[in-house]
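Colleague: Counting in full-length UniProt numbering, the sequence shown runs from 1 upward without gaps. I have a structure I would like to understand better, so I am pasting it below and will then ask my questions one at a time.
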Amino acid sequence: MNAHVKIEGEIALQRSLADVVAEYDAKKAAIPDAVKAFEKAGNDLKMAVTVAGQFGDVSIDTGHVYARDLETGLLKSAWMHVYGGLDIARLASPTDKRLWEQAIASPPPFTLDNIRGTFGKFLLDPRGNILRGLAEVFCGLDDAYKSHDKVKVGVKGLPKRVILSYVGSYGSYGRDKLKSVLNALAVYQGKPLIDHREIEALCKNEDALLVDSELAADRTWDKPFPIVGRGVRLRTFGNGNGHLFFEPKELRDINMALAEFYGDVLPDTADDEPKKKQSTAVSKDLQYYPTPVKVVKEILYKIGDYRLEGQRVLEPSCGCGRFMDALRDAGANPYGIEVDPKRAAECKAKGHTVLLKNFLETVPTGDFDMVVMNPPFYGKHYAKHVRHAYEFLKPEGKLIAILPATARYDHGLLDDLGESASYGGRWDDLPVGSFSESGTNINTTVLTIYKR
1 MNAHVKIEGE
11 IALQRSLADV
21 VAEYDAKKAA
31 IPDAVKAFEK
41 AGNDLKMAVT
51 VAGQFGDVSI
61 DTGHVYARDL
71 ETGLLKSAWM
81 HVYGGLDIAR
91 LASPTDKRLW
101 EQAIASPPPF
111 TLDNIRGTFG
121 KFLLDPRGNI
131 LRGLAEVFCG
141 LDDAYKSHDK
151 VKVGVKGLPK
161 RVILSYVGSY
171 GSYGRDKLKS
181 VLNALAVYQG
191 KPLIDHREIE
201 ALCKNEDALL
211 VDSELAADRT
221 WDKPFPIVGR
231 GVRLRTFGNG
241 NGHLFFEPKE
251 LRDINMALAE
261 FYGDVLPDTA
271 DDEPKKKQST
281 AVSKDLQYYP
291 TPVKVVKEIL
301 YKIGDYRLEG
311 QRVLEPSCGC
321 GRFMDALRDA
331 GANPYGIEVD
341 PKRAAECKAK
351 GHTVLLKNFL
361 ETVPTGDFDM
371 VVMNPPFYGK
381 HYAKHVRHAY
391 EFLKPEGKLI
401 AILPATARYD
411 HGLLDDLGES
421 ASYGGRWDDL
431 PVGSFSESGT
441 NINTTVLTIY
451 KR
């Protein structure tokens with residue numbers, strides 16, 4: 001982010017980020033003098049209990065401070081001040097919060113560029129981050145929440161309750177997940193974050209958070225505590241598990257939030273309908289979602305560079321060639337197929353071999369060691385691409401495909417293909433929002449299969 005771009009959220013600090021950084025810099029510069037002043041104060045105290053400089057037979061310990069420790073404390077204080085002042089906890093997803101906890105253990109230098117690089121995404125698109133956080137939480141509860149088809153506005157069938165394991169004890173994994181679910185919904189609805197007293201009340205009384213109410217004072221807190229209605233019920237069981245039920249309004253809010261986050265997926269072909277002839281034609285928009293570099297690196301890391309040396313690898317619908325770039329760097333011999341002339345030319349300009357053609361109209365060769373692909377996400381059309389790509393593999397060849405989560409949880413169109421593979425198929429879900437930078441929030445998964 002440009003250091004000169006003003007973050008609107010700075011107003012939450014009641015002063016500019018530049019002023020905060022200036023205070024930090026001034027105090028850091030003053031640390032050496034502060035250490036000297038501390039040491040002088042200690043010496044003055046010792047001298048104050050001597051006569052003519054003669055120390056008595058008593059050890060007087062005035063303590064020690066080290067500039068390095070003071071600088072570390074000041075640095076963490078500055079970062080925590082900005083994190084709290086900008087209310088990042090309301091905007092950050094559970095994953096973002098874990099990353100923050102890891103980062104604050106050894107924070108980067110406190111500069112404007114680093115602050116904006118760390119927090120800018122939250123403040124420039126607060127709603128997008130709220131939606132992403134809610135999606136991340138709910139996708140970990142039930143497979144239905146991963147499906148962009150099942151959460152479209154107006155559809156029925158979203159789970160009215162979710163199962164949480166081990167919610168019975170304080171500090172348990174289940175309690176943490178319960179807190180994440182309630183907070184994700186609270187942020188979307190504009191309600192305050194959940195308080196530990198509300199969690200305790202809910203675990204004791206399943207209806208405690210249904211509507212606005214009040215907790216009576218007890219020995220833990222000395223005055224009544226107001227309860228904000230959350231529209232949920234928690235039914236707990238003797239094995240420590242709990243079933244969290246959502247009221248109709250909360251279920252609708254979850255539906256609306258996920259539908260907004262996932263958005264629409266553009267088609268690369270017309271919808272398949274029985275009355276229409278099946279087609280491989282490509283529409284004008286080409287439904288192009290380039291694979292983010294981070295996803296490319298993650299998949300190649302799982303493959304292992306040592307397994308790619310000399311391998312002949314096909315990338316169907318290769319787009320701008322991000323996979324081919326990484327494959328070539330790892331020693332493979334990539335070959336691409338791309339229907340869009342501009343993107344095909346871009347790949348060729350980088351020295352790649354690319355066939356300018358609609359992939360579904362190519363003839364399978366059965367001679368590739370591996371296929372790595374990111375086919376169209378629209379509807380069920382991805383299945384045609386995967387099945388066609390499978391035929392390009394030699395026996396024992398490997399196919400790796402990035403697919404919408406619906407491929408795993410809804411359609412089941414590739415189950416027979418995976419089951420027939422010599423080593424079976426494997427599914428690995430990518431993190432929520434993995435393709436956000438490419439223009440879609442559709443949840444994605446990676447299918448890996450081998451050919452007999």
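Glycine included, every Cβ here is placed at the ideal spot set by N, Cα and C.
Could you compute how far the alpha carbon of residue 187 sits from the alpha carbon of residue 193?
Modeller: 7 Å
Colleague: Count the other CB atoms within 10 Å of the CB of residue 381; is the residue buried (16 or more) or exposed (fewer)?
Modeller: buried
Colleague: Going by Cα to Cα distance, which pick from 115, 57, 50 is closest to residue 24?
Modeller: When each option's Cα is compared against that of residue 24, the closest is 115.
Colleague: If we count the other Cβ atoms within 10 Å of its Cβ and call it buried at 16 or more, is residue 440 buried or exposed?
Modeller: buried
Colleague: Counting only C-beta atoms, is residue 295 closer than 9 Å to chain B at any point?
Modeller: Of the protein chains in the structure, only one exists, and it is not chain B.
Colleague: Count Cβ pairs between the segment 231-239 and the segment 212-223 that sit closer than 8 Å; are there 3 or more?
Modeller: no
Colleague: Relative to the ligand SAH, is the shortest distance from any of its heavy atoms to the C-beta of residue 245 smaller than 8 Å?
Modeller: For the structure depicted, the ligand SAH is absent and the ligand set is empty, with no information on it obtainable.
Colleague: Below 8 Å on the Cβ atoms is my contact criterion, and I expect residue 427 with residue 447 to pass it. Report the Cβ-Cβ distance as a whole number of Å.
Modeller: 6 Å
Colleague: Assuming the contact rule is C-beta atoms closer than 8 Å, residue 74 and residue 126 should be a hit. Round their C-beta distance to whole Å, please.
Modeller: Incorrect: roughly 29 Å between the Cβ atoms, too far for contact.
Colleague: Using the Cα positions of residue 50 and residue 31, report the straight-line distance between them to the nearest angstrom.
Modeller: Approximately 29 Å between the Cα atoms of the pair.
Colleague: In whole angstroms, give me the CA-to-CA distance for residue 293 and residue 133.
Modeller: Rounded to the nearest angstrom, the two C-alpha atoms are 22 Å apart.
Colleague: Starting from the C-beta of residue 142, find all residues in its chain whose C-beta is less than 7 Å away, skip the five residues before and the five after it, and write them out in chain order.
Modeller: 159, 162
Colleague: When you compare the CB positions of residue 394 and residue 366, do they come within less than 9 Å of one another, or not?
Modeller: yes
Colleague: Does the segment 336-347 come within contact of the segment 366-378, defined as at least 3 CB pairs closer than 8 Å?
Modeller: no
Colleague: In whole angstroms, what is the alpha-carbon distance linking residue 353 and residue 327?
Modeller: 13 Å
Colleague: As a quick exercise: from 157, 379, 234, pick the residue whose alpha carbon is nearest that of residue 252.
Modeller: Among 157, 379, 234, the Cα nearest to that of residue 252 belongs to 157.
Colleague: Indicate whether the contact test is met: 3 or more Cβ pairs, each with one atom in the segment 138-153 and one in the segment 402-410, closer than 8 Å.
Modeller: yes
Colleague: Which whole runs of the alpha helix (DSSP H) in the segment 68-139 are 4 residues long or more, in chain order?
Modeller: 88-91, 94-105, 112-124, 126-139
Colleague: Taking the alpha-carbon of residue 360 as reference, which of 375, 350, 36 has the nearest alpha-carbon?
Modeller: 375
Colleague: Only counting the same chain, and skipping five residues up and downstream in sequence, which positions put a Cβ closer than 8 Å to that of residue 210?
Modeller: Here the set comprises 229, 230, 231, 232, 233, 247.
Colleague: In three-state DSSP terms, what is residue 401?
Modeller: strand
Colleague: In the DSSP output, what is residue 242 paired with across the bridge?
Modeller: 164, 236
Colleague: Grouping DSSP H, G and I as helix and E and B as strand, with all else coil, what is residue 145?
Modeller: Helix at residue 145.
Colleague: Mark residue 221 as exposed unless 16 or more other C-beta atoms lie within 10 angstroms of its C-beta, in which case mark it buried.
Modeller: exposed
Colleague: Identify every run of the beta strand (DSSP E) within the segment 295-319, keeping only runs that are complete inside it and at least 3 residues long; order them along the chain.
Modeller: Segments of the beta strand (DSSP E) lying fully in the segment 295-319: 312-316.
Colleague: Please determine, among 64, 47, 63, 82, the residue with the shortest C-alpha to C-alpha distance to residue 56.
Modeller: 47
Colleague: Whole-angstrom Cβ separation of residue 442 and residue 392, contact assumed at under 8 Å?
Modeller: Contact between residue 442 and residue 392 is ruled out by a C-beta separation of about 25 Å, above the 8 Å threshold.
Colleague: Quick one: what's residue 356 bridged to in DSSP?
Modeller: 338
Colleague: With a threshold of 6 Å on Cβ separation, who are the neighbours of residue 257 within its own chain once the five nearest residues in sequence on each side are excluded?
Modeller: 131, 134, 188
Colleague: What residue from 434, 79, 177 has the CA that sits closest to residue 298's CA?
Modeller: 434
Colleague: Just mark residue 262 as buried or exposed, buried being the case when its beta carbon has 16 or more other beta carbons within 10 Å.
Modeller: Looking at its Cβ environment, which holds 16 or more other Cβ atoms inside 10 Å, residue 262 is buried.
Colleague: Measure the C-alpha to C-alpha separation of residue 176 and residue 138 and round it to an integer number of angstroms.
Modeller: 14 Å
Colleague: I'd like the list of long-range same chain contacts for residue 356, defined as Cβ closer than 6 Å, with 5 residues on each side in sequence excluded.
Modeller: 344
Colleague: By a C-beta neighbour count over all protein chains shown, 10 Å radius and 16 as the cutoff for buried, is residue 20 buried or exposed?
Modeller: buried
Colleague: Determine the direct distance from the alpha carbon of residue 66 to that of residue 44, and round the result to whole angstroms.
Modeller: 19 Å
Colleague: Bridge partners for residue 226 per DSSP, in chain order?
Modeller: 214
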